[in-house]
Amino acid sequence: MIDVASALQYLHQEYLTPAVHCDLKPSNVLLDEDMVACVSDFGIAKLLGKEESFALTKTFATIGYIAPGQLNLKSRVNDSMPDAILEVIDPNLLNTKDEHLEQKLECIGSLMKLASNCALDSPNERLKYGRGS
Numbered sequence: 040m041i042d043v044a045s046a047l048q049y050l051h052q053e054y055l056t057p058a059v060h061c062d063l064k065p066s067n068v069l070l071d072e073d074m075v076a077c078v079s080d081f082g083i084a085k086l087l088g089k090e091e092s093f094a095l096t097k098t099f100a101t102i103g104y105i106a107p108g109q110l111n112l113k114s115r116v117n118d119s120m121p122d123a124i125l126e127v128i129d130p131n132l133l134n135t136k137d138e139h140l141e142q143k144l145e146c147i148g149s150l151m152k153l154a155s156n157c158a159l160d161s162p163n164e165r166l167k168y169g170r171g172s
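For the sequence shown, the numbering used here gives the first residue as 40, with consecutive numbering after it.
Right under this line is the structure:
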């Protein structure tokens, strides 16, 4: 995951002309002999000029891997907080008869809120991490 994330960060933020892959899925991630992941198949990738933005590009992608617009996991999780956390987490993670269920749900809710803050639509509004944060 780190290799793929690093490749996408490079394409989006460090490449001379920002690029959007548009079709990232498991079959477009190749592993070399050292198990280093490489992103492949840039057939429908887009290069963004200065006037374009990520939000304004229309893309083609593989059904099942493209975000379904407003009906996405992030909004589903946000809508479930804090009262319906059990609806969005794997039921195998918790025993609903556990005497410490409330504390565990509170902890999971805090983690979900943190994750949501790290995944805001605007990169400038996202939580930053690193040394000293």
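No residue lacks a Cβ here, since even glycine has one placed at the ideal position from N, Cα and C.
At what residues does the alpha helix (DSSP H) containing Ala188 begin and finish?
Within the shown structure, residues of the chain are numbered from 40 to 172, placing residue 188 beyond reach of any answer.
What distance in whole Å lies between the Cβ atoms of Val43 and Val75, which are believed to be in contact at a cut-off of 8 Å?
Position 36 of the sequence shown, counted from the start, is the residue given in the question as residue 75. Position 4 of the sequence shown, counted from the start, is the residue given in the question as residue 43. Contact doesn't hold; Cβ gap of about 10 Å is too wide.
Using only alpha-carbon positions, find the residue among Pro130, Asn163 and Pro65 that is nearest to Ile147.
The residue labelled residue 147 in the question sits at position 108 within the sequence shown. Cα-wise, what sits closest to Ile147 is Pro130.
Please classify His60: is it buried, with 16 or more other beta-carbons within 10 angstroms of its beta-carbon, or exposed?
Counting from one through the sequence shown, the residue named residue 60 turns up at place 21. Classification for His60: buried.
Roughly how many angstroms separate the alpha carbons of Glu145 and His51, rounded to a whole number?
Along the sequence shown, one-based indexing puts residue 145 at 106. Along the sequence shown, one-based indexing puts residue 51 at 12. Their Cα atoms are separated by approximately 35 Å.
Name the residue from Met151, Arg165 and Leu86 whose alpha carbon lies nearest to the alpha carbon of Ser118.
Along the sequence shown, one-based indexing puts residue 118 at 79. One point to set straight first is that residue 118 is Asp, not Ser, in the sequence displayed. With distances taken between Cα atoms, Asp118 lies closest to Met151.
Between Leu63 and Thr135, what straight-line distance do the alpha-carbon atoms span, to the nearest angstrom?
To locate residue 63, count along the sequence shown from 1; it is residue 24. To locate residue 135, count along the sequence shown from 1; it is residue 96. Between Leu63 and Thr135, the C-alpha separation is close to 36 Å.
Could you compute how far the alpha carbon of Asp137 sits from the alpha carbon of Leu125?
One-based indexing of the sequence shown puts residue 137 at position 98. One-based indexing of the sequence shown puts residue 125 at position 86. Taking the straight line from one Cα to the other gives about 13 Å.
Near Leu159, what residues of its chain come up, given a Cβ to Cβ distance below 6 Å and the 5 sequence neighbours on each side ignored?
By one-based count along the sequence shown, residue 159 stands at place 120. So the list reads Arg165, once near-sequence residues are dropped.
Between Lys113 and Asn156, what straight-line distance do the alpha-carbon atoms span, to the nearest angstrom?
Taking the first residue of the sequence shown as 1, we reach residue 113 at position 74. Taking the first residue of the sequence shown as 1, we reach residue 156 at position 117. Cα-Cα distance, rounded: 10 Å.
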